[in-house]
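Following full-length UniProt numbering, the residues of the sequence shown are numbered contiguously, the last one being 249. Here a beta-carbon is modelled for each residue, glycine too, at the ideal position from N, C-alpha and C. The structure presented is a predicted model; accordingly, all values stated were derived computationally and were not measured. See structure below.
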Amino acid sequence: MDVVFKSFLPKRCKMAFTVSAGIIGCKTDCVPLEVENGPAVAGFFIPEIPGVEVNHYAISGKKSSLAEFVSKNAPVKCLLLFLTSRGVSIANKLVRSCCPEEEDINMAVGGAIVERTNSLLGSATAFCGPNVEAASVIINAYDRIEEITAKLEVFRESGLLKNKCFAYMFACIGRGYCFHEEHNVESEIFSKMYPKVPIIGVFGEGEIGVNYIPNVILENKKLKAGKFKTTKRFLHSYTTIFVLISIKM
1 MDVVFKSFLP KRCKMAFTVS AGIIGCKTDC VPLEVENGPA VAGFFIPEIP
51 GVEVNHYAIS GKKSSLAEFV SKNAPVKCLL LFLTSRGVSI ANKLVRSCCP
101 EEEDINMAVG GAIVERTNSL LGSATAFCGP NVEAASVIIN AYDRIEEITA
151 KLEVFRESGL LKNKCFAYMF ACIGRGYCFH EEHNVESEIF SKMYPKVPII
201 GVFGEGEIGV NYIPNVILEN KKLKAGKFKT TKRFLHSYTT IFVLISIKM
């Protein structure tokens, strides 16, 4: 599939792809669509923007640490991980390698366990540079509409929405229709709150993420419903990770 897409793109255009159990896409009017069964394709085309770099990294057995990658591209504002079943065991190690053990993760992180990428263990995509900022939140296993809405509301406090934004959603395959008994529930909550922000994503068999909102101390944050849990683990189950990326143009 990547060969087919590359044939339509300029030769110097970098591309990363993944195959997963389901995807989240959106139309030109930013209305989202969750496809849990059946063939579908979704993606973003990101132009060259001064002060914004998008870097890709193939993860292999010899490259199971992101420390060198992050240091070369610092400051990394957002890290997206797409790991296969072979790479599940190193998920926590990969995220932790981005900063010293005693420090908090000071960047947005999102990702999922997928069926296939262009590398055996998985791949990473990093957004870097002075003109990009990002935030990520974890929707926990038992969060329903009220809790999801309360957590996504915190994006407004980050200041990111004043610039051009787009979003990623990494959902457990068990949090779609069989969980909510309706289609497109979580993506539509996001879309109704932020109707001008396009969103894409995947359904996976495990999710990777952190609660990180720049300019907001989440430990002190009181929500209308639910709460932000503190955890030292980055690999989750039955969750959804939302990542908001803001580009200053």
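DSSP beta-bridge partners of residue i
i	result
Glu157	BP columns for Glu157 are empty, so no partner.
Val114	None; Val114 has no bridge partner.
Asn55	Ala126
Met169	Gly201, Phe242
Lys164	Ile247
Tyr212	Ser136
Glu34	Ile24
Cys78	Ala108, Phe127
Buried versus exposed call for residue i [16 or more other C-beta atoms within 10 Å across all chains shown]
i	result
Gly38	exposed
Ala40	exposed
Cys26	buried
Arg175	buried
Phe203	buried
Cys128	buried
Glu153	exposed
Phe228	buried
Pro10	exposed
Residues near residue i in its chain [Cβ-Cβ closer than 7 Å; skip 5 each side]
i	result
Lys196	Cys30
Ala135	Ala108, Phe155, Ser158, Leu160, Tyr212, Ile213, Pro214, Leu244
Val54	Ile46, Thr125, Phe127
Candidates the options, of which the one nearest residue i by Cα
i	options	result
Phe242	Lys221, Leu66, Ile213, Thr230	Ile213
Pro75	Ala171, Cys98, Leu81, Leu9	Cys98
Ile189	Asn131, Gly159, Thr240	Thr240
residue 250	Phe69, Val216, Pro47	For the chain, the structure presents residues 1 to 249; residue 250 sits outside this window and is missing.
Ala21	Ala171, Phe44, Ile217, Glu147	Ala171
Leu79	Met193, Tyr168, Lys11	Tyr168
Ser187	Val154, Ile145, Asn73, Ala134	Ile145
Gly209	Asp143, Thr125, Gly201, Ala108	Ala108
Phe166	Glu182, Lys151, Pro198	Pro198
Lys221	Met193, Tyr194, Phe5, Lys151	Lys151
Glu36	Tyr194, Val185, Ile139	Val185
Same chain, Cβ closer than 8 Å to residue i, neighbours up to 5 away in sequence not counted
i	result
Leu121	Ile59, Ser60, Gly61, Ser64, Leu83, Thr84, Arg86, Gly87, Ile90
Met249	Ile49, Asn131, Asn163, Lys164
Ser237	Ala141, Cys172, Gly206, Glu207
Cβ-based neighbour list, residue i, same chain, cut-off 6 Å, excluding 5 preceding and 5 following
i	result
residue 309	With the chain covering 1 to 249 only, the question about residue 309 has no answer from this structure.
Ala67	Ser97
His183	Tyr177
Whole-Å CB distance - residue i paired with residue j, under 8 Å assumed
i	j	result
Ser158	Pro32	Incorrect: roughly 21 Å between the Cβ atoms, too far for contact.
Phe234	Val95	4 Å
residue 251	Gly43	The shown model of the chain, from 1 to 249, leaves out residue 251, and the question about it has no answer.
Thr230	Glu219	7 Å
Asp143	Gly226	6 Å
Glu133	Lys77	6 Å
Residue i CB to nearest heavy atom of the ligand HEM below 7 Å
i	result
Leu120	Absence of the ligand HEM from the depicted structure is noted, as is the absence of any ligand whatsoever, leaving it without description.
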